[in-house]
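FYI, the numbering used here numbers position 67 of the sequence shown as 67, with every residue one higher than the one before it. So the structure is just underneath, and the comments pick up after that.
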Amino acid sequence: MLTIKILGSGCPNCKKVEEISRRAAGTLGIEAEFIKVTDYAKITEYPILSTPGLVVNEQVVCSGRIPSEAEVTTWLTNALT
């Protein structure tokens, strides 16, 4: 099972990243735990300069933009190997 964290304040962009991530995981048929990290102190523990951020199994894969579903699918597939 993958752990997917969405880093951000809960703004519309953060929600979009979560939606895309959930859809990609569903398409792949994989189990994933989704965690929203909204606490600024916790967000600063990751090497990102702007939100939204996406972390898969404690690896930052994207920050500061909304990734495509194809990108997220690739990152999730790579995290499974």
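Note that the Cβ used here is the ideal one computed from N, Cα and C, for glycine as well. It should be emphasised that the depicted structure is a prediction, and the values quoted were computed from it without experimental measurement.
In the DSSP assignment, find the unbroken beta strand (DSSP E) run with residue i in it and report its ends.
i: GLU58; result: No beta strand (DSSP E) contains GLU58, which DSSP labels as neither H nor E.
i: TYR66; result: It should be noted that the sequence gives Ile, not Tyr, for residue 66. First-last for ILE66: undefined, no H or E at that position.
In the DSSP assignment, the alpha helix (DSSP H) including residue i goes from what residue to what residue?
i: LEU49; result: Run containing LEU49: none; DSSP gives neither H nor E here.
Smallest Cα separation from residue i: which of the options?
i: PRO12; options: ASN57, GLY53, THR27 and GLY26; result: GLY53
i: PRO67; options: THR81, THR51, ALA79 and ASN57; result: THR51
i: SER9; options: THR3, ILE43 and GLY26; result: ILE43
Compute the Euclidean distance between the alpha carbons of residue i and residue j, then round it to the nearest angstrom.
i: ASP39; j: TRP75; result: 24 Å
i: ALA24; j: PRO47; result: 24 Å
Between residue i and residue j, which are expected to be in contact by the criterion C-beta below 8 Å, what is the C-beta distance as a whole number of angstroms?
i: VAL55; j: LYS15; result: With 8 Å as the limit, VAL55 and LYS15 do not qualify as a contact, their Cβ atoms being about 16 Å apart.
i: GLU69; j: ILE20; result: 5 Å
i: GLU73; j: LEU28; result: Looking at the sequence shown, residue 73 is not Glu but Thr. Sure, about 6 Å apart at Cβ, within 8 Å.
Between residue i and residue j, is the Cβ-Cβ spacing less than 8 Å?
i: ALA41; j: MET1; result: no
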